[in-house]
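Q:
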Amino acid sequence: MKKLVLLALSITSVYTQAQIGVNTADVTSTLTVNGSFSGKYVEVNTSTYQIKQDDYNIAYTGGNEEKGTFILPTVKNEDATFPGRIYYIKNLSSDKDLQIKTSGSELIRFGGSLEAKKTINLFPGRYVALIANNSTGNATWDLNILAIEEKLPEIKITEYLKISLPLDKVYLQEDALQIGNLTVWFDNSVGALTNGQLKCKIANNNWAAIWSDRIGTGNTTTTFKSLHSFYDDEWLTIKSGGTGLYTLQGANLDFLITNIALYKTAELYRITAFINTFQSGAAGKPSLVTPMITFFIEKVN
Numbered sequence: 034m035k036k037l038v039l040l041a042l043s044i045t046s047v048y049t050q051a052q053i054g055v056n057t058a059d060v061t062s063t064l065t066v067n068g069s070f071s072g073k074y075v076e077v078n079t080s081t082y083q084i085k086q087d088d089y090n091i092a093y094t095g096g097n098e099e100k101g102t103f104i105l106p107t108v109k110n111e112d113a114t115f116p117g118r119i120y121y122i123k124n125l126s127s128d129k130d131l132q133i134k135t136s137g138s139e140l141i142r143f144g145g146s147l148e149a150k151k152t153i154n155l156f157p158g159r160y161v162a163l164i165a166n167n168s169t170g171n172a173t174w175d176l177n178i179l180a181i182e183e184k185l186p187e188i189k190i191t192e193y194l195k196i197s198l199p200l201d202k203v204y205l206q207e208d209a210l211q212i213g214n215l216t217v218w219f220d221n222s223v224g225a226l227t228n229g230q231l232k233c234k235i236a237n238n239n240w241a242a243i244w245s246d247r248i249g250t251g252n253t254t255t256t257f258k259s260l261h262s263f264y265d266d267e268w269l270t271i272k273s274g275g276t277g278l279y280t281l282q283g284a285n286l287d288f289l290i291t292n293i294a295l296y297k298t299a300e301l302y303r304i305t306a307f308i309n310t311f312q313s314g315a316a317g318k319p320s321l322v323t324p325m326i327t328f329f330i331e332k333v334n
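Numbering (this note's numbering), first residue to last: 34 to 334.
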């Protein structure tokens, strides 16, 4: 009996170290496949989808009124970690963005000088590959591929952000929008949800020159100019005349243009924002189902 047990253990040891060839005798790697490879494929048309452990190719078809949200599984859980797992995600919607979020405190690493983020936004027609890494910190996912289809406008995904946010919730720091070294946050946590302050954060302890103009139906044009030294994780609130808080008010249909020049990295950003809260029944004004603030944020150079 002891000999049989030892023999079985020996066979298991050899098997786990063997190379495997599929449709080929020329095996050059742990697994060599001479032919096509097929992974699980699923299409999703719901607004929120929790990515499953056995998902592989996932497509969002945008069959709802709002943008979609995909939530990545927790890389580190009570069972085990899974470094190396890959998810391929495609936004097949014609007009809906797809937000991809991590679970808990986990983050997505971009590499370079870009900060790790909890969310990324995938425009219609784009796809992404995300790989679980073996990080011991919170940055547990790597963004490996972020692609633009050939027939779409020739512009890199990191050169602009275009998004409309419904003003029916409070937006927190984790909802902020990032492009390059600039992060923008519409903070409507105080008072009415349709009023808020524009806050920005700059990476890499950068000096920045800021010029901003605001105009609305209930306001005269207000200009803000500032030369500011940003330190890590500091949020600067754009202010009126450099003193009072610079609130974008939905009732005034405020329109804002802000230019930010970074000294250390010689980058130039432009933020265009419009807050639209036409109320049903107001004379001469159309009504909106949900009040919105629309952002168009550009990395100009």
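Where a beta carbon is used, it is the ideal one built from N, C-alpha and C, also for glycine.
Does the segment 303-310 come within contact of the segment 279-291, defined as at least 3 CB pairs closer than 8 Å?
A: Because the criterion of three Cβ pairs below 8 Å is met, the segment 303-310 and the segment 279-291 touch.
Q: Just verifying my parser: in three-state terms, what is the DSSP assignment at D246?
A: If DSSP states are grouped into helix, strand and coil, D246 belongs with the strands.
Q: Between the C-alpha atoms of K73 and D88, what's the straight-line distance to the nearest angstrom?
A: Roughly 6 Å between the two C-alpha positions.
Q: Here's the rule I'm using: 16 or more other beta-carbon atoms within 10 Å means buried, otherwise exposed. How should I122 be labelled?
A: I122 comes out buried.
Q: By the 10 Å Cβ neighbour count, where 16 or more other Cβ atoms means buried, how is W174 classified, buried or exposed?
A: The residue is buried, with at least 16 neighbouring Cβ atoms inside 10 Å.
Q: Tell me the start and end of each unbroken beta strand (DSSP E) in the segment 84-128 that is at least 3 residues and wholly inside, in chain order.
A: Taking only runs of at least 3 residues, the beta strand (DSSP E) segments lying wholly in the segment 84-128 are 90-93, 101-104, 119-124.
Q: Alpha carbon to alpha carbon, how far is A299 from A236?
A: So the two alpha carbons sit approximately 13 Å from each other.
Q: Find out if the Cβ-Cβ distance for the pair S127, P157 is shorter than 9 Å.
A: Yes.
Q: Checking 9 Å against the spacing of the C-beta atoms, do T57 and V66 come in under that value?
A: Yes, Cβ-Cβ distance for T57 and V66 is below 9 Å.
Q: Restricting to Cα atoms, I'd like to know which of L64, L176, V60, G137 is closest to N154.
A: Of the candidates L64, L176, V60, G137, the one whose C-alpha sits nearest the C-alpha of N154 is L176.
Q: Could you tell me if N239 is buried or exposed, where buried requires 16 or more neighbouring beta carbons within 10 angstroms of its beta carbon?
A: Flag for N239 reads buried.
Q: On the premise that K332 lies in contact with E336, defined as a C-beta separation below 8 Å, what is that separation, rounded to the nearest angstrom?
A: The question about residue 336 has no answer here: the residues shown for the chain are numbered 34 through 334.
Q: Which residues does DSSP list as the beta-bridge partners of P199?
A: Paired residues: M325.
Q: Could you pull out every residue in the same chain whose Cβ sits closer than 8 Å to the Cβ of Y264, ignoring the five residues on either side in sequence?
A: If we look at Y264 and ignore the five residues flanking it on each side, its Cβ neighbours are N238.
Q: Give the DSSP-derived three-state secondary structure of Q206 in the structure shown.
A: In this structure, Q206 counts as helix in the three-state DSSP scheme.
Q: Give the secondary structure of G224 by DSSP, where H, G and I count as helix, E and B as strand, and everything else as coil.
A: DSSP places G224 in coil when its eight states are reduced to three.
Q: Is it buried or exposed for N214, if we count other Cβ within 10 angstroms and need 16 for buried?
A: With 16 or more Cβ atoms within 10 Å of its Cβ, N214 is classed as buried.
Q: Throw me the rounded Cβ distance for the P199 and T323 pair, which I believe falls under 8 Å.
A: Right, the Cβ-Cβ distance comes to about 4 Å (below 8 Å), so this counts as a contact.
Q: Among the residues of its own chain, which have a CB less than 6 Å from the CB of I271, if the five just before and after it don't count?
A: L231, S245, F257, Y279.
Q: Cβ of A162 within 9 Å of Cβ of Y120?
A: It is a contact, given that the beta carbons lie within the stated cut-off.
Q: Taking the beta strand (DSSP E) that Q132 belongs to, which residues open and close that run?
A: 131-134 is the span of the beta strand (DSSP E), which, as asked, contains Q132.
Q: In three-state terms, what does DSSP make of N292?
A: N292 falls in the strand class under three-state DSSP.
Q: Look up N167 in the DSSP assignment and say whether it is helix, strand or coil.
A: Of the three classes helix, strand and coil, the one that applies to N167 here is coil, per DSSP.
Q: Just to confirm my understanding: we take P116, look at its own chain, exclude 5 residues before and 5 after, and list those with CB closer than 7 Å. What are they?
A: The answer, listed in chain order, is A165, N166, N167.
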